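These protein sequence lines map, in sequence, to chains A and B. Per this note's numbering, the first sequence starts with residue 144, numbered consecutively. Per this note's numbering, the second sequence starts with residue 144, numbered consecutively. Note that the Cβ used here is the ideal one computed from N, Cα and C, for glycine as well. Nothing here was measured: the structure is a model prediction, and the numbers come from that model. Okay, structure first, notes after.
There are 2 protein chains.
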Amino acid sequence: MLTFYSPAHQLHHATELKDGVLMPCFETPSRAETILARVREQGLGEVLPPGDYPAERYARVHTPRYVRFLEKAWGEWSATGRRHDALPLIWPVRDMRSDIEPEYIDGKLGFYAMDAGVAITAGTWEAVRGSANLALTGMDRLSAGGQDSAFALCRPPGHHAAAEYMGGYCYLNNAAIAAQAGLDAGARRIAILDVDFHHGNGSQSIFYSRPDVLFASIHGDPKRSYPYFLGHADEKGHGPGEGFNHNYPLPHGTDWYGYRTALEHAGRTIATYAPDVVVVSLGVDTFKDDPISHFKLGNEDYLRMGAAIAAIGRPTLFVMEGGYWVDDIGVNAVNVLSGFEAAR
Amino acid sequence: MLTFYSPAHQLHHATELKDGVLMPCFETPSRAETILARVREQGLGEVLPPGDYPAERYARVHTPRYVRFLEKAWGEWSATGRRHDALPLIWPVRDMRSDIEPEYIDGKLGFYAMDAGVAITAGTWEAVRGSANLALTGMDRLSAGGQDSAFALCRPPGHHAAAEYMGGYCYLNNAAIAAQAGLDAGARRIAILDVDFHHGNGSQSIFYSRPDVLFASIHGDPKRSYPYFLGHADEKGHGPGEGFNHNYPLPHGTDWYGYRTALEHAGRTIATYAPDVVVVSLGVDTFKDDPISHFKLGNEDYLRMGAAIAAIGRPTLFVMEGGYWVDDIGVNAVNVLSGFEAAR
Numbered sequence: 144m145l146t147f148y149s150p151a152h153q154l155h156h157a158t159e160l161k162d163g164v165l166m167p168c169f170e171t172p173s174r175a176e177t178i179l180a181r182v183r184e185q186g187l188g189e190v191l192p193p194g195d196y197p198a199e200r201y202a203r204v205h206t207p208r209y210v211r212f213l214e215k216a217w218g219e220w221s222a223t224g225r226r227h228d229a230l231p232l233i234w235p236v237r238d239m240r241s242d243i244e245p246e247y248i249d250g251k252l253g254f255y256a257m258d259a260g261v262a263i264t265a266g267t268w269e270a271v272r273g274s275a276n277l278a279l280t281g282m283d284r285l286s287a288g289g290q291d292s293a294f295a296l297c298r299p300p301g302h303h304a305a306a307e308y309m310g311g312y313c314y315l316n317n318a319a320i321a322a323q324a325g326l327d328a329g330a331r332r333i334a335i336l337d338v339d340f341h342h343g344n345g346s347q348s349i350f351y352s353r354p355d356v357l358f359a360s361i362h363g364d365p366k367r368s369y370p371y372f373l374g375h376a377d378e379k380g381h382g383p384g385e386g387f388n389h390n391y392p393l394p395h396g397t398d399w400y401g402y403r404t405a406l407e408h409a410g411r412t413i414a415t416y417a418p419d420v421v422v423v424s425l426g427v428d429t430f431k432d433d434p435i436s437h438f439k440l441g442n443e444d445y446l447r448m449g450a451a452i453a454a455i456g457r458p459t460l461f462v463m464e465g466g467y468w469v470d471d472i473g474v475n476a477v478n479v480l481s482g483f484e485a486a487r
Numbered sequence: 144m145l146t147f148y149s150p151a152h153q154l155h156h157a158t159e160l161k162d163g164v165l166m167p168c169f170e171t172p173s174r175a176e177t178i179l180a181r182v183r184e185q186g187l188g189e190v191l192p193p194g195d196y197p198a199e200r201y202a203r204v205h206t207p208r209y210v211r212f213l214e215k216a217w218g219e220w221s222a223t224g225r226r227h228d229a230l231p232l233i234w235p236v237r238d239m240r241s242d243i244e245p246e247y248i249d250g251k252l253g254f255y256a257m258d259a260g261v262a263i264t265a266g267t268w269e270a271v272r273g274s275a276n277l278a279l280t281g282m283d284r285l286s287a288g289g290q291d292s293a294f295a296l297c298r299p300p301g302h303h304a305a306a307e308y309m310g311g312y313c314y315l316n317n318a319a320i321a322a323q324a325g326l327d328a329g330a331r332r333i334a335i336l337d338v339d340f341h342h343g344n345g346s347q348s349i350f351y352s353r354p355d356v357l358f359a360s361i362h363g364d365p366k367r368s369y370p371y372f373l374g375h376a377d378e379k380g381h382g383p384g385e386g387f388n389h390n391y392p393l394p395h396g397t398d399w400y401g402y403r404t405a406l407e408h409a410g411r412t413i414a415t416y417a418p419d420v421v422v423v424s425l426g427v428d429t430f431k432d433d434p435i436s437h438f439k440l441g442n443e444d445y446l447r448m449g450a451a452i453a454a455i456g457r458p459t460l461f462v463m464e465g466g467y468w469v470d471d472i473g474v475n476a477v478n479v480l481s482g483f484e485a486a487r
C-alpha cells in the first residue's frame with residue numbers, strides 16, 4: 144500500500160485548553176513520526192510526498208471565507224502584537240449570529256471555531272494544507288486507477304472540521320476534501336467510514352444533506368464523550384441526504400466484542416451502498432491506553448478492524464485522524480493497514 | 144439612593160482565557176469593593192444587604208436546568224478530581240445540537256456557555272446567587288413604593304447571560320431577573336437601558352420576542368468588539384417583541400459627544416414606551432482608560448450620563464455590570480448615580 148507523507152506537519156505544535164488549564168496538545172508531531180517509522184519498519188510499501196493543490200480544492204467542501212481565514216489568521220493575530228498561540232475565546236452559540244463575519248481577529252477565531260483545541264500558530268497553515276494535500280494525492284492515485292488502496296498519513300487530522308468551523312485539533316477536513324475530490328474525478332458515490340473514538344461531526348455536517356457521500360461513524364456516545372453536540376443515533380441525514388448518515392454511539396469501556404458488531408453493521412451498510420471508493424477516517428484512539436478516550440481495543444484488534452474494512456470490498460483510502468497514546472499509535476495504525484492487506 | 148450590597152461576591156475570583164493565555168479575570172472582587180467605598184465616601188445613602196430568594200426566581204428568565212447546572216457544576220467538576228477552575232472547552236455552534244444536555248460535566252460546561260470567560264470555582268454559585276438577590280431586592284423595594292431609585296451593586300455582572308448560557312463574566316442575568324420581578328410584582332412594562340461598553344446580548348436574547356420588556360443598548364460595534372455575534376443595529380426584536388429591541392453600535396474611540404446622541408435617542412425611545420420601571424445595566428467600561436474596551440468617556444461624562452437617565456423620568460434600578468479600570472470604577476459608577484440624583 145502506498146503511504147503519502149509530508150514533514151510539513153512538524154510546523155504545527157500547539158496548546159489546548161483542557162481540564163481548566165492550557166497544556167501542549169495531545170495531538171503532537173511525534174504521532175505522525177511514530178506511524179511513519181512503523182510503516183517503514185513493516186515494509187508496508189512506498190512512502191511518497193504529496194502533490195501541491197490550490198486552496199480552491201479545499202473550498203469544494205469548506206466555504207471560501209473559512210479557507211481564507213485559516214490562511215490569514217496567524218498574520219492577523221501576530222499583527223496585534225500577540226505571540227502566544229491564537230486561541231478562540233467566544234463562540235456563536237444558539238441564538239447568536241453566524242452570518243456576519245467579525246472584522247477583528249478575536250471575533251473571527253470564535254466565528255470559525257467550535258472549541259479551544261484548535262490553536263493557530265505561525266506554522267499551522269502550512270501544516271494544515273500539507274495535510275489536506277496528502278488526502279487529495281491519495282484520492283487522485285485511487286481515481287487514476289492501478290491502486291486499490293492508499294494511506295494518507297495526515298496531520299493535523301480533519302474529521303471535526305465542518306464547512307465553516309475548526310475544532311478538535313482539526314482545521315481542514317482531509318477526509319471530506321478527499322471524498323469530494325473522488326466525486327469530482329468521476330466517482331458516483333463515496334462512503335466515509337469513521338472509526339476514530341470521537342464522532343466525526345465535521346464530516347457528518349458537510350455531507351448531511353447529500354446522497355452522494357454516505358457517512359458512517361462508530362464512536363463514544365456523545366452524551367458522555369467529546370464532541371458532545373453531534374453523533375447521536377437519531378441523526379440520519381436531511382432532505383436528499385436522509386438515510387445516508389449512520390451513527391453508532393457506543394458506551395465507555397466498549398471492547399472489540401462490542402465494537403465488532405457495530406463495525407460489521409456499518410460495513411454491510413456501506414457494501415450495500417456500493418460506493419466507488421471508501422474513505423476511512425482512521426483514528427486509533429479506540430485503544431485501551433488512549434489518554435483522552437474510553438474504548439478498550441487491543442493491538443491485535445486493529446488487524447481485525449483492517450480485515451473487516453477489507454471485507455467491504457471497495458477501493459479504500461485511509462486518512463489518518465486521532466490516536467494519542469503515541470507508544471502504540473504506529474503499531475495500531477499500521478495493524479489496520481496490514482490487516483486490510485492480508486484480507487484482500 | 145439606597146445601595147444593595149453583599150460580600151458574597153468575594154467568593155468568586157476566577158481565571159479567563161484571553162490573548163491565548165489563561166490569566167486572572169479582569170472582573171475582580173476589588174471592583175465591587177472600590178465602588179462600595181465610593182458610595183460611602185460620597186454619602187449616596189444607606190447600604191443594605193439583600194434578601195434571600197429561592198432559585199425559582201432566577202428560573203423566571205433562565206431555564207430550570209441551567210440554574211441547576213450552575214448550582215451543581217463545581218461539585219461535578221471537582222468530583223472528577225480536578226482542582227483548577229472549571230472552564231468550558233467546546234460549544235454547540237451552528238448546526239451542532241443544543242437540545243440534548245450532555246451527562247458529563249465537560250460537555251455540560253460547553254452546553255451552557257458562550258465563551259471561556261466564565262470559569263466556575265468553588266465559590267461561584269454563592270457569589271452568583273448573592274448578586275442576583277441584590278437585583279431582586281432592589282426591584283422589590285421599588286415595587287413596594289416609596290423609593291424612586293436604587294442601586295444593586297451586583298458582582299458577578301449579568302447582562303451577557305441568556306436563558307440558557309453563561310458568558311462574559313456573567314452567570315445569572317441580574318438585570319433580566321429584576322425586570323421580570325418587576326413585572327411579576329405588577330408592572331406592565333419595563334425598559335432595560337444597557338450602557339455597558341459590551342452589548343448586553345443575554346438581556347436582548349431573553350426578551351427578544353416580548354413586548355413587555357424593551358431593551359436598548361449602546362455599545363461597541365460587534366463587528367470589532369466582544370461579544371461579536373449579537374448587537375447589530377438590524378436586531379429589532381421578533382414576533383410580538385418586534386420594535387422593542389434597540390441597538391446603538393458605536394465605533395471604537397467614541398467620546399461623550401458621539402455617545403450622548405445615542406443615549407438621548409435611547410432615552411426618548413424609552414420615555415415614549417412609558418415603562419413602570421427603568422433597569423439600567425450600568426457598566427462603566429466606556430471609560431477612556433478601560434483595559435479591555437474602546438470608548439473615550441471621562442469622569443465628568445458619567446455625571447452627564449446620570450442626568451440623561453434621570454430625564455427619562457421613571458423609577459430607576461441601577462444594576463452594576465462591567466468596568467475594569469478599577470482606579471476610576473468607584474468615581475465613574477457613583478458619578479452616574481449622583482448625576483441622576485442631582486437631576487431629579
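For residue j and residue i, believed in contact at Cβ under 8 Å, the rounded distance
i: A:Leu145; j: A:Leu213; result: Contact doesn't hold; Cβ gap of about 27 Å is too wide.
i: A:Glu244; j: A:Arg208; result: 6 Å
i: A:Val338; j: A:Thr429; result: 7 Å
With 16 other Cβ atoms within 10 Å as the buried cut-off, status of residue i
i: B:Lys379; result: exposed
i: B:Pro299; result: buried
i: B:Thr158; result: buried
i: B:His395; result: exposed
i: B:Ser292; result: buried
i: B:Glu176; result: buried
i: A:Ala287; result: exposed
i: A:Asn264; result: First, the amino acid is wrong: residue 264 of chain A is Thr here, not Asn. Label assigned to A:Thr264: buried.
i: A:Gly218; result: exposed
i: A:His381; result: exposed
i: B:Tyr400; result: exposed
i: B:Met166; result: exposed
i: B:Pro197; result: exposed
i: B:Thr223; result: exposed
i: B:Asn317; result: buried
i: A:Ser368; result: buried
i: B:Asn442; result: exposed
i: A:Ser173; result: exposed
i: B:Asp444; result: buried
Neighbour flag for residue i against chain A, beta carbons, 8 Å
i: B:Ala450; result: no
i: B:Pro245; result: yes
i: B:Phe294; result: no
i: B:Asp339; result: no
i: B:Phe100; result: Since the first and last residues shown for chain B are 144 and 487, residue 100 of chain B lies out of range.
i: B:Ser346; result: no
i: B:Tyr209; result: no
i: B:Ala353; result: This sequence places Arg at residue 353 of chain B; Ala is not what is there. No, because no Cβ of chain A sits closer than 8 Å to the Cβ of B:Arg353.
i: B:Gly310; result: yes
i: B:Lys379; result: no
i: B:Lys366; result: yes
i: B:Gly465; result: no
Any C-beta of chain B under 8 Å from that of residue i
i: A:Phe358; result: no
i: A:Phe372; result: yes
i: A:His375; result: yes
i: A:Asp258; result: yes
i: A:Arg284; result: no
i: A:Gly254; result: Residue 254 of chain A is actually Phe in this sequence, not Gly. Answer yes: the Cβ-Cβ gap between A:Phe254 and chain B drops below 8 Å somewhere.
i: A:Gly301; result: no
i: A:Gly382; result: no
i: A:Tyr369; result: yes
message: Residues of the stretch 217-242 of chain B in Cβ contact with chain A at a cutoff of 7 Å, in chain order, please.
response: Arg225, His227, Asp228, Ala229, Leu230, Leu232, Ile233, Trp234, Pro235, Val236, Arg237, Asp238, Met239, Arg240 and Ser241
- prompt: Which runs of the beta strand (DSSP E) spanning at least 3 residues fall entirely within the stretch 332-377 of chain A, listed in chain order?
  reply: 333-337 and 356-363
- request: Give, in chain order, every residue of the stretch 146-173 of chain B whose Cβ lies closer than 7 Å to some Cβ of chain A.
  value: Leu160, Lys161, Asp162, Gly163, Val164 and Leu165
message: Threshold first: 4 residues or longer. Then list the alpha helix (DSSP H) segments lying entirely within the stretch 403-485 of chain A, N to C.
response: 442-453
Start-end ranges of the alpha helix (DSSP H) lying completely within the stretch 281-327 of chain A, minimum 4 residues: 317-327
message: So within the stretch 192-274 of chain A, which uninterrupted alpha helix (DSSP H) runs reach at least 4 residues, ignoring any that extend past its ends?
response: 207-221 and 248-254
message: For a minimum of 3 consecutive residues, which ranges assigned as the beta strand (DSSP E) are wholly contained in the stretch 375-400 of chain B?
response: 388-393
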